[in-house]
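FYI, in the working numbering the residues of the sequence shown are 760 to 1183.
Quick reminder that beta carbons are idealized off the backbone N, C-alpha and C, glycines included.
What follows is a set of notes on a single structure, which appears directly below.
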Amino acid sequence: MHKKLTIQLFILNTFLLLVYFTVLINLKTGVNATIMFSSPDSKDYLAVGNWIFEQKETIQTMFNPFMFPLLLKFFLIIGGVKGVWLFQFFLWIGSINLLFFSLKRASNIFMAFIGTILFSINLSYIALTLHALADVTSTFIISWLIFYLTGKSFDFKKAQCFYILVLFFSILSGIKPIFFPILIFCIAIVFPLFYLKSFLRDTKKYLLLIVLIPVIIQFSIMVVRHHTFSLSTKGLFTLNQYFFAQGYAAAENITIDEARPIIKDKSLGFMLPYMLNHLQIFSSNFKDNIILENLKGPPTFLAYPPEYKHQLFYTFMDKLNKLFFQFHLLFILPCLFLLYYLAKRHSSLLKYYLVFYVLFWYLVLMTGIAFWQGDRYNISFEPFWIIMYAMVIHQLTCTTLTKLKININIKTKRMQKGMDSNQN
């Protein structure tokens, strides 16, 4: 058994290394500070890292949680730009290996190899390892979360498992604020409904506080430095300067650059009624942002900065993103059917399939308020759809084969009875 697994991992990781270094060698970017910190977000992360380690003042602590900047600056100190790249390279290869194990558990070895091949040929994911952005780190944590959920030790009924789940979302919230509403949902809804009684009897109540440390630290930073009790203002900034500015510009017949300074200080009290009054414009933008700007978005980081664009890789990834979009359309109904099928059978698979399903659609819908990011945000939810679609195919195949086997057995028995009757 161990020998078989060793061979499987050797084949997988040999393939991964070939893919990664073939792309890396052929990319015009290379591993250097110019590329690593070429995007505005990477500069913002570095500014927060400089504040953490060197106490250099920056307003970016208001927008960017501390966890990724902490890691970024740490690896810069110990290994420079190559240290950051090496860190992200190991996260890249680690996330794919974790997904491989998860796919084996949830489906079979064939689907595990197919799923990891699909994930590994996402050239945008490889390109992001050369940029100081949080997406590679968050994708690794998500792959680890999937690995944990598909494990035998995971049991929704155990409070300890809930604490570990909260820890995952606490860490993810400390990296990207988009995960904070999920953490709030776990604490405010899931916890009192399913775990409050066992928590009150538990002698280790402090564990819940420990798993929330990443979020507690971030809240403390916001309160002390910016006098606001929130995790980050990144979400409100994105809503205001991207989604609302986009719709406001269309409604007022001006450019988005003209709209941004006009609405930059507008509160939710102004924005929400305005969006309701122009619902058609904002709903159309929301749909287009999800589909055209994100799901079918261009592979931005294979052409960033523009002078480093690799045309062949860019074209391949652009076509692959459009193919992935077709996958999403194809699997909408089968995924819903599997959800119903597992719930009806009270299957143990339902416990984590439901989490994958909800998180996938949550992350997809959240891309509706952002644009100009290309396929960058798709990478974080790719592990979710890969394992969901693998489960759909596996369950459909197993069900079909089982029915086929039953029908064959029935026909065989009938034929046997007929032969016995003829002999008599």
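Let me know the secondary structure DSSP gives residue i once reduced to three states.
{"i": "Pro-1064", "result": "coil"}
{"i": "Phe-915", "result": "coil"}
{"i": "Val-1046", "result": "Per the sequence shown, residue 1046 should be read as Lys rather than Val. Reduced to three states, the DSSP call for Lys-1046 is helix."}
{"i": "Ser-1106", "result": "coil"}
{"i": "Lys-787", "result": "coil"}
{"i": "Ile-972", "result": "helix"}
{"i": "Gly-910", "result": "coil"}
{"i": "Phe-899", "result": "helix"}
{"i": "Leu-775", "result": "helix"}
{"i": "Ala-1008", "result": "helix"}
{"i": "Trp-1120", "result": "helix"}
{"i": "Ser-801", "result": "helix"}
{"i": "Leu-892", "result": "coil"}
{"i": "Thr-1156", "result": "helix"}
{"i": "Pro-1057", "result": "coil"}
{"i": "Trp-851", "result": "helix"}
{"i": "Leu-1199", "result": "An answer regarding residue 1199 cannot be provided, because it is not within the stretch 760 to 1183 covered by the chain."}
{"i": "Lys-832", "result": "helix"}
{"i": "Phe-1130", "result": "coil"}
{"i": "Phe-796", "result": "coil"}
{"i": "Asp-1077", "result": "helix"}
{"i": "Tyr-1136", "result": "coil"}
{"i": "Gln-814", "result": "coil"}
So which of the options has the shortest CA-CA distance to residue i?
{"i": "Phe-822", "options": "Gln-1085, Ser-912, Tyr-1007 and Leu-805", "result": "Leu-805"}
{"i": "Asn-1036", "options": "Pro-1065, Ser-797, Phe-1003 and Asp-1047", "result": "Phe-1003"}
{"i": "Leu-998", "options": "Phe-944, Ala-1129, Pro-1032 and Arg-960", "result": "Ala-1129"}
{"i": "Leu-771", "options": "Tyr-1067, Ser-854 and Thr-788", "result": "Ser-854"}
{"i": "His-1153", "options": "Ser-1139, Leu-887, Leu-1097 and Leu-1089", "result": "Leu-1097"}
{"i": "Arg-984", "options": "Trp-903, Ile-811 and His-761", "result": "Ile-811"}
{"i": "Ile-937", "options": "Thr-773, Pro-1065, Gln-1132 and Thr-992", "result": "Thr-992"}
{"i": "Val-807", "options": "Gly-789, Pro-799, Lys-832 and Val-790", "result": "Lys-832"}
{"i": "Ser-1188", "options": "Thr-820, Leu-768, Glu-1011 and Leu-783", "result": "In this structure the chain extends from 760 to 1183, so residue 1188 is not present and cannot be described."}
{"i": "Gly-994", "options": "Pro-1058, Pro-824 and Asp-1077", "result": "Pro-824"}
{"i": "Ala-865", "options": "Ile-885, Lys-911 and Ala-947", "result": "Lys-911"}
{"i": "Ser-1107", "options": "Phe-915, Lys-1078, Gln-977 and Phe-848", "result": "Phe-915"}
Starting from the C-beta of residue i, find all residues in its chain whose C-beta is less than 6 Å away, skip the five residues before and the five after it, and write them out in chain order.
{"i": "Ala-792", "result": "Val-840"}
{"i": "Leu-1054", "result": "Phe-1084"}
{"i": "Tyr-1067", "result": "Lys-787 and Thr-788"}
{"i": "Leu-829", "result": "Ile-811"}
{"i": "Ala-1018", "result": "Ala-1004, Tyr-1007 and Ala-1008"}
{"i": "Lys-1103", "result": "none"}
Which residues in the same chain as residue i place their Cβ atom closer than 7 Å to its Cβ, once the five residues preceding and following it in sequence are excluded?
{"i": "Met-795", "result": "Ser-801, Val-840, Val-843, Leu-889, His-890 and Ala-891"}
{"i": "Pro-850", "result": "The displayed chain sequence assigns Leu, not Pro, to residue 850. Here the set comprises Val-895, Thr-896 and Phe-899."}
{"i": "Ile-1022", "result": "Asn-999, Phe-1003, Ala-1004 and Tyr-1007"}
{"i": "Gly-838", "result": "Leu-845"}
{"i": "Trp-1220", "result": "Because the chain spans 760 through 1183 in this model, residue 1220 falls outside it and cannot be assessed."}
{"i": "Pro-1064", "result": "Ser-797"}
{"i": "Tyr-1001", "result": "Ile-1128, Ala-1129 and Phe-1130"}
{"i": "Phe-1041", "result": "Gly-1006 and Met-1034"}
{"i": "Phe-860", "result": "Phe-906"}
If contacts are defined as beta-carbon pairs under 8 Å, then residue i and residue j qualify, I think. What distance do you get, rounded to the angstrom?
{"i": "Phe-834", "j": "Phe-846", "result": "5 Å"}
{"i": "His-1069", "j": "Asn-881", "result": "Contact flag wrong, Cβ pair sits at about 15 Å."}
{"i": "Ser-730", "j": "Leu-952", "result": "Absent from the model: residue 730. The displayed extent of the chain is 760 to 1183, so no value can be given."}
{"i": "Leu-942", "j": "Val-974", "result": "7 Å"}
{"i": "Phe-1086", "j": "Phe-1115", "result": "Phe-1086 to Phe-1115, Cβ: 15 Å. No contact."}
{"i": "Leu-959", "j": "Cys-945", "result": "Actually they are not in contact, since the Cβ atoms of Leu-959 and Cys-945 sit about 18 Å apart, beyond 8 Å."}
{"i": "Gly-874", "j": "Leu-887", "result": "19 Å between Cβ atoms; not a contact."}
{"i": "Phe-939", "j": "Leu-990", "result": "5 Å"}
Leaving aside the five residues before and after residue i along the sequence, list all residues of the same chain whose C-beta is less than 8 Å from its C-beta, in chain order.
{"i": "Ile-900", "result": "Phe-927, Ile-930, Leu-931 and Ile-934"}
{"i": "Lys-1046", "result": "Gly-1127"}
{"i": "Leu-1124", "result": "Ile-1049"}
{"i": "Met-1076", "result": "Asn-881, Leu-882, Ser-883, Pro-1058, Leu-1061 and Asp-1134"}
{"i": "Val-736", "result": "For the chain, the structure presents residues 760 to 1183; residue 736 sits outside this window and is missing."}
{"i": "Leu-1095", "result": "none"}
{"i": "Ser-957", "result": "Ala-918"}
Is there at least one Cβ from chain D nearer than 7 Å to residue i's Cβ?
{"i": "Thr-896", "result": "The structure shown has no chain D; it contains just one protein chain."}
Check whether the Cβ of residue i sits closer than 6 Å to any heavy atom of the ligand SAM, and report yes or no.
{"i": "Leu-786", "result": "Of ligands this structure carries none, so the ligand SAM is not represented either."}
| request: Would you be able to state if there are at least three C-beta pairs under 8 Å between the region 899-909 and the region 959-973? | output: no
| query | Within the chosen definition, does the region 1144-1158 reach the region 1109-1125 through at least 3 CB pairs nearer than 8 Å? | reply | yes
| Within the chosen definition, does the region 870-880 reach the region 910-921 through at least 3 CB pairs nearer than 8 Å? | Under the 8 Å Cβ criterion, the region 870-880 does not count as touching the region 910-921, having fewer than three qualifying pairs.
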